[in-house]
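Enquirer: Protein chains in written order, with this note's numbering: chain A, 10 to 268; chain B, 110 to 392.
Where is the CB? At the ideal position from N, CA and C, for every residue including glycine.
Quick caveat, the model's predicted, so the values are computed rather than measured.
So that we are looking at the same thing, I have put the structure below in C-alpha cells.
What follows is the structure, encoded as C-alpha cells:
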C-alpha cells in the first residue's frame with residue numbers, strides 16, 4: 010500500500026503545481042460573483058439562480074479537472090519514459106493503477122472542498138443560512154461520481170492511443186449519461202423489440218452517474234438525503250469504480266509499454 | 110524601412126479610426142433601440158432559449174419538480190405559473206396537486222432508487238419565495254420580447270406574492286413597448302392600478318383601451334379568445350361599481366351579457382343595477 014500512496018502523493022502534487030485548478034476556480038468564482046452582482050426587479054434576496062449557475066460551473070470545472078488529470082497519467086508516464094523505472098522499483102502494475110486512481114481521486118476531493126466552501130460562502134451571503142449536511146452530502150455524492158469518472162478515464166487511457174481522444178470520448182460518455190442515463194429504460198420500453206432489449210441492457214450496464222447529481226435538491230432547499238440511501242449510492246459508486254479499475258488493470262497488465 | 114512601414118500602418122489605423130468612429134456611433138444609435146446584444150448574437154434562435162428560460166421559471170415555481178424532455182408533456186401546453194395566475198384571476202382554488210404527477214410509478218429499481226436524488230413532490234413556491242422565478246422571466250423577456258406570457262406572469266407574481274406593483278408596472282410597460290397591440294398586457298396593467306394602486310379610474314381607462322384592442326383584433330379576423338373579452342368587461346364592471354357609475358355599469362353589463370358563458374347571472378345583476386338606478390336617491 011505504501012507504493013500506492015507514494016504514487017498518489019505525486020499525483021496530488023501535480024494537481025497543485027499545474028494551473029488547471031486555479032484557472033477553473035478563478036473562472037467559477039468570477040462568473041458567480043459577476044452574476045451575483047446582478048439585481049432583478051430591485052430584489053436582493055433572489056438566490057436560487059445563483060446557486061444553480063455556481064453549481065453548474067463547479068460540475069463542469071470538476072469534470073474537466075477529473076477527466077484531464079486521469080487521462081494524462083499513464084500516457085504522460087509512457088511518453089516521458091518514467092514508467093520504466095517506476096515499474097522496475099518494484100511497483101506492480103495494479104499498484105500503479107491504484108496509486109494513480111487514489112491520487113486523482115484525492116486531488117479531486119481537495120478541489121471539491123475548495124469549490125463547495127466557496128459555494129457555501131456565496132450562498133450564505135444571500136440566504137443567511139448554512140445547510141452544512143446538505144452541502145456535505147452533495148459534495149460526497151459528487152466525489153463518488155468523480156471516482157467513477159476517473160476510473161473510466163483511466164480505463165480509456167490504456168485503451169485509446171491518444172490522450173485527447175480519450176478525454177473527448179470520456180466527456181461525451183459522462184455528459185450523455187448525466188443527461189439521458191436515467192431515461193434509457195423509458196426509451197427502451199417505448200421502442201420494444203430487440204432494439205428495446207439492447208437499450209435496456211445498456212441502461213442496466215452503464216454507471217448511473219445521474220444519481221449523484223443532486224443539484225436540484227440543493228438549489229431548491231429540499232433538505233438532506235436519507236443516510237441509508239447515501240450509503241447505497243456510495244456502495245454502488247465504489248463497486249463500479251472497482252470494476253472499471255479492475256478492467257483497466259486487466260488491459261494494462263498485457264499491454265506492451267514500448268512507444 | 111520597417112520603421113517607416115510601421116509608422117505608415119499606425120497612421121493609417123489612426124486616421125481610419127477617426128473617420129469610422131462617427132459612422133459606427135450613428136449605426137449603433139440607429140439599431141440599439143430595437144435590437145439587443147443578445148438578439149444580435151443569437152438571431153432567431155433566441156426565441157428557443159426564451160421558451161427554455163420561461164419553462165425554467167415554471168420549474169423553479171415547482172422547486173425543481175418538473176418534467177424533462179423524456180417525460181409526459183404538459184396537458185394544455187400551459188405552464189403551471191400561468192394556470193395559477195388564471196385560477197387566481199377567476200378567484201378559484203389552485204389546480205389539483207398531482208402526487209407522483211408526470212413521473213408515474215417507478216419503472217425499475219434503478220428508477221425507484223434514483224428518485225431519492227431529485228425532487229419528486231409537487232409543491233408551489235409561495236409568497237416571498239416566488240421571487241426565485243424572476244431572473245428566468247427577466248432573461249426570457251430579454252431574449253424574446255414578443256413572449257407576452259412572460260410579462261403577464263412576471264407582473265402577477267410581482268404585484269401579488271412580492272407586493273412590488275411599481276416593478277410590475279415597469280415590466281408590463283416594457284412589454285407594451287414591444288407589443289403595443291396586446292390587450293392582455295393592458296388588462297394586467299389595469300389589475301396593477303385597480304388592485305395595488307387603488308386607482309379604478311386609471312384601471313378603467315386601461316381596460317377600455319384593452320377592449321378596443323381586442324375588438325380590433327376580432328374585426329381583423331385574428332380570433333382573440335372570448336375569455337379575454339369577458340375578463341376585460343369583468344374589470345370594467347368592477348371599476349364602474351367602485352366609481353358608483355350606474356349608467357356605465359348597465360352598459361358594460363349589457364356588453365358582458367353578450368359574451369359571458371353565464372348570461373342568466375349577468376341578467377340578474379343587470380336587473381339589480383336597473384332597480385338601483387330607478388330607486389330615488391336618499392341624499
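Under 7 Å between beta-carbons, which chain B residues line up against residue 229 of chain A? List them in chain order, please.
Expert: The contacting residues are 172, 173, 228.
Enquirer: On the criterion of 16 or more Cβ atoms from any shown chain inside 10 Å, does residue 173 of chain B qualify as buried, or is it exposed?
Expert: Burial call: buried.
Enquirer: Can you grab the Cα-Cα spacing for the pair residue 287 of chain B / residue 53 of chain A, in whole Å?
Expert: Rounded to the nearest angstrom, the two C-alpha atoms are 27 Å apart.
Enquirer: Hey, quick one: how far does the alpha helix (DSSP H) through residue 347 of chain B stretch, first residue to last?
Expert: Where residue 347 of chain B is concerned, the enclosing alpha helix (DSSP H) stretches over 335-352.
Enquirer: Quick check: the Cα distance between residue 222 of chain B and residue 106 of chain A, rounded to an integer number of angstroms?
Expert: Spanning the two alpha carbons is a distance of roughly 31 Å.
Enquirer: Does the beta-carbon of residue 242 of chain A have 16 or more other beta-carbons within 10 angstroms, so that it is buried, or is it exposed?
Expert: By the neighbour-count rule (16 or more Cβ atoms within 10 Å), residue 242 of chain A is buried.
Enquirer: Taking only beta-carbon positions, decide if residue 247 of chain B is within less than 8 Å of chain A.
Expert: Taking Cβ atoms only, chain A reaches closer than 8 Å to residue 247 of chain B, which makes this a yes.
Enquirer: Quick check on residue 222 of chain A: does DSSP put it in helix, strand or coil?
Expert: If DSSP states are grouped into helix, strand and coil, residue 222 of chain A belongs with coil.
Enquirer: Measure the alpha-carbon distance for residue 245 of chain B versus residue 62 of chain A and round it to whole angstroms.
Expert: Those two C-alpha atoms are separated by around 12 Å.
Enquirer: For a cutoff of 8 Å on Cβ pairs, would you count residue 235 of chain B as touching chain A?
Expert: Taking Cβ atoms only, chain A never reaches closer than 8 Å to residue 235 of chain B, which makes this a no.
Enquirer: Could you work out which residues of chain A lie near residue 267 of chain B, taking near to mean beta carbons separated by less than 8 Å?
Expert: Result: 50.
Enquirer: Just to confirm the assignment, what range does the alpha helix (DSSP H) spanning residue 175 of chain B have?
Expert: Careful: residue 175 of chain B lies outside any alpha helix (DSSP H) and carries neither H nor E.
Enquirer: For the region 113-184 of chain A, which segments carrying the alpha helix (DSSP H) assignment without a break, of at least 4 residues, lie completely within its bounds, in sequence order?
Expert: Segments of the alpha helix (DSSP H) lying fully in the region 113-184 of chain A: 141-168.
Enquirer: What is the rounded straight-line gap between the Cα of residue 109 of chain A and the Cα of residue 165 of chain A?
Expert: So the two alpha carbons sit approximately 14 Å from each other.
Enquirer: Taking only beta-carbon atoms, is residue 274 of chain A less than 8 Å away from chain B?
Expert: Outside the shown range of chain A (10 to 268) lies residue 274 of chain A, about which nothing can therefore be said.
Enquirer: Which residues, in chain order, does the region 181-198 of chain A contribute to contact with chain B at a C-beta distance below 8 Å?
Expert: Flagged, chain order: 189, 191, 192, 194, 195, 196, 198.
Enquirer: Could you tell me which chain B residues have their CB closer than 8 Å to the CB of residue 54 of chain A, listed as they occur along the chain?
Expert: Those are 237, 240, listed as they occur along chain B.
Enquirer: List, in order along the chain, the chain B residues whose C-beta lies closer than 9 Å to that of residue 219 of chain A?
Expert: Within 9 Å Cβ-Cβ: 223, 226, 227.
Enquirer: In chain order, what residues of the same chain lie with their CB nearer than 6 Å to the CB of residue 190 of chain B, ignoring the 5 residues before and after it?
Expert: Only 167, 170, 262 meet the Cβ criterion.
Enquirer: Along the chain, where does the alpha helix (DSSP H) that runs through residue 388 of chain B open and close?
Expert: Looking at the DSSP string, residue 388 of chain B is not in any alpha helix (DSSP H), and its letter there is neither H nor E.
Enquirer: Can you pull out the residues from the region 232-258 of chain A whose beta carbon lies closer than 8 Å to at least one beta carbon of chain B?
Expert: Against chain B - using a Cβ distance shorter than 8 Å - the residues of the region 232-258 of chain A are 234, 235, 238, 241, 242.
Enquirer: Quick one: using the 10 Å Cβ neighbour count with 16 as the cut-off for buried, is residue 175 of chain A buried or exposed?
Expert: With 16 or more other Cβ atoms within 10 Å, it is buried.
Enquirer: Check each candidate in A/40, A/185, A/208, A/260 and name the one with the smallest Cα separation from residue 168 of chain A.
Expert: Here the closest residue by C-alpha is A/260.
Enquirer: Taking just the CA atoms, how far does residue 195 of chain A sit from residue 184 of chain B?
Expert: Reliability of the predicted coordinates at residue 184 of chain B is poor, the pLDDT of 46 falling under 50, and the value obtained from them is presented with this limitation in mind. Cα to Cα, residue 184 of chain B sits roughly 19 Å from residue 195 of chain A.
Enquirer: Just mark residue 207 of chain B as buried or exposed, buried being the case when its beta carbon has 16 or more other beta carbons within 10 Å.
Expert: The predicted model places residue 207 of chain B with a pLDDT of 49, which falls under 50 and marks its position as unreliable; any figure quoted below should be read in that light. Exposed is the call here.
Enquirer: For a contact defined as C-beta to C-beta under 7 Å, what are the partners of residue 278 of chain B on chain A?
Expert: Per Cβ cutoff of 7 Å: no residues; residue 278 of chain B is ~11 Å from chain A at best.
Enquirer: Judging by CA-CA distance, which residue of B/188, B/277, B/350 is the nearest neighbour of residue 385 of chain B?
Expert: When each option's Cα is compared against that of residue 385 of chain B, the closest is B/350.
Enquirer: Quick one: which chain A residues come within Cβ less than 7 Å of residue 244 of chain B?
Expert: Those within 7 Å of residue 244 of chain B in chain A are 49, 55, 58.
Enquirer: Does chain B have any CB closer than 8 Å to the CB of residue 211 of chain A?
Expert: No, residue 211 of chain A does not count as interfacial toward chain B.
Enquirer: Compute the beta-carbon to beta-carbon distance between residue 285 of chain B and residue 302 of chain B, rounded to the nearest angstrom, for a pair I have assumed lies under 8 Å.
Expert: Contact doesn't hold; Cβ gap of about 14 Å is too wide.
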